[in-house]
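Encoded as structure tokens, the structure appears first; notes follow it.
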Amino acid sequence: MTAKLHELLKKFALEGEPVSCERYGFGHINETYLTVTDTGRRYIFQRINHHVFQDVPGLMNNIYLVTTHLKERTENPNGVMTVVPTLDGQIFLKDGENFWRVYDFVEGSVALQLPRNEQDFYESAIAFGDFQGKLADFPVEKLVETIPNFHNTVDRYRIFKEVLAKDPMGRAKEVQEEIDFVLSHEEEMGTLQRMRDSGELPSRVTHNDTKLNNVLLDAQTYKPLCVIDLDTVMPGLSLYDFGDSIRFGAATAAEDEKDLSKMEMSLDLFRTYTRGFVTACKTLTGKELEMLPMGAKTMTMECGVRFLTDYLDGDHYFAVHREGHNLDRARTQFKLVRDMEKKWDDMKKIVAEESK
Ligand code: ADP
Ligand code: GN1
Ligand code: MG
């Protein structure tokens, strides 16, 4: 561990003396470390990405409020993230321009990059559905928007077109096919935002980043344990949470798979997740249920648009580990959208059957 990391860790109310601190996990946004102390206690130590999250105090206050609310409704102490304060009682540490925080490590847990089987995916649906259900009575106006317009797909298109017009890296000419695909879907992809604006779909407290690896499952039983990565918890649509889970977890290949022939949306996994989500979250309206397939398609397209925007812009937002990484990610998302279009009638039928 570097002397700097040690110095920072010493400012938190840890049990014992930190003896190691290593990079951890597969997140694209924060810098995550696993730290161990001489008593064997383990902690997650993170540098919060303040370029992405411009109001870190507001974000940490959201997390504090939401975890406090969830703890009152959760029996298992490992079932909710626990923020470890600094020695002077703050929920994060400011060091120069950087922001750091510590969470208790949730022992006996696993985060999956892909479901091993349908049951894993079902359990994640229960976890995220339950999360939303438990927050249904949380006063949504107390939360700040940690990233304004995060799932405003109309605004994501606006930013895409702005970057495309500048084309700062000169990359647009290589990806004309992808650009055309994005633009040909613009009108349809604004549907949910228009329904949110008109009040047809209700604003709820949502997680907004419901990838499978943002829920910890019990390492023994593979039952849901704890929903993590709470940075984007804020007002949103239930369809964002449903859709983002399908985008990531009902896919038959990794988000950055290069061989697009491997990438499909599994209708079986779609059915499994739908069943879990509607079972755990009883508050969905008829309109929300009807729009679930559109939630899946919109979140997938939006994520593809974000990856492609970042590729055109020079890869400033998502962590990249190889050349063309964001382009590969964008392509998998577009392949998924095309596959959903082929399977659209089946997706609607499944939702109708599972929400009876
Ligand atoms: P990012 O925003 O970059 O995705 P996350 O908060 O999701 O960062 O953390 C990255 C990874 O670290 C997670 O996917 C998970 O594997 C692991 N992780 C995060 N918090 C905990 C925790 N409290 N206990 C155990 N593992 C954790
Ligand atoms: C980011 O932080 P992480 O890796 O869980 C991103 C999500 C994207 C996802 C794509 C704050 O999630 O919106 O869907 O990558 N989070 C943020 O993998 O932008
Ligand atoms: Mg994460």
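Residue numbering for the sequence shown follows this note's numbering, starting at 6 and increasing by one per position.
All C-beta atoms, glycine included, are put in the ideal place defined by N, C-alpha and C.
This structure is a prediction, so every number in the text was calculated from the model and none was measured.
Counting only unbroken stretches of 3 or more residues, no beta strand (DSSP E) element lies wholly within the region 272-340.
Closer than 7 Å to some heavy atom of ligand 1: that describes the Cβ of MET86. About 19 Å separates the CB atoms of GLY254 and SER360; that is not less than 8 Å, and the two are not in contact. The distance from the Cβ of SER266 to that of THR257 is about 10 Å, inconsistent with a contact at the 8 Å cut-off. By the Cβ neighbour-count rule, LYS147 is exposed, with fewer than 16 other Cβ atoms within 10 Å of its own.
ILE49 places its beta carbon 8 Å or farther from that of VAL115. A check of alpha carbon separations from LYS347 across PRO298, GLN225, PHE97 identifies PRO298 as the nearest.
The residue among GLY32, LEU140, PRO153, ARG161 with its C-alpha nearest the C-alpha of ASP60 is PRO153. If you compare the alpha carbons of ARG334, GLU12, ASP318 with that of ALA170, the shortest gap goes to ASP318.
A distance criterion of 7 Å places the beta-carbon of GLY254 beyond contact range of ligand 3, judged by its closest non-hydrogen atom. The secondary-structure analysis by DSSP pairs ALA256 across a beta bridge with MET270. Boundaries of the beta strand (DSSP E) around ILE49: 47-53. LYS139 and THR288 have their alpha carbons spaced roughly 10 Å apart.
Taken through DSSP and simplified to helix, strand or coil, PHE186 comes out as helix. Contact holds between the region 40-54 and the region 90-107, because three or more Cβ pairs, one in each stretch, are under 8 Å apart. Those residues having their beta-carbon less than 5 Å away from any non-hydrogen atom of ligand 3 are, in chain order, GLY32, ASN219, ASP234.
Ranking PHE339, ASP214, ASP249, LEU206 by CA distance to the CA of MET268 puts PHE339 first. Assigned with DSSP and collapsed to three states, GLY241 falls in strand. By the Cβ-count criterion, SER189 is exposed, with fewer than 16 other Cβ atoms from all chains shown falling within 10 Å of its own Cβ. Looking at the backbone, the Cα of GLU191 and that of ILE184 are separated by about 11 Å. Within the same chain, GLY134, LEU289, LEU294, GLU359, SER360 come within 8 Å of VAL283 by CB-CB distance, once the 5 residues on both sides are set aside. Take ASP100, set aside five residues on each side of it, and the residues of its chain with a beta-carbon closer than 7 Å to its own are LEU13, in chain order. No Cβ-Cβ contact shorter than 8 Å links LEU230 with GLY300. The beta carbon of ILE164 sits closer than 7 Å to those of THR314, all from its chain and outside the five residues before and after it, given in chain order.
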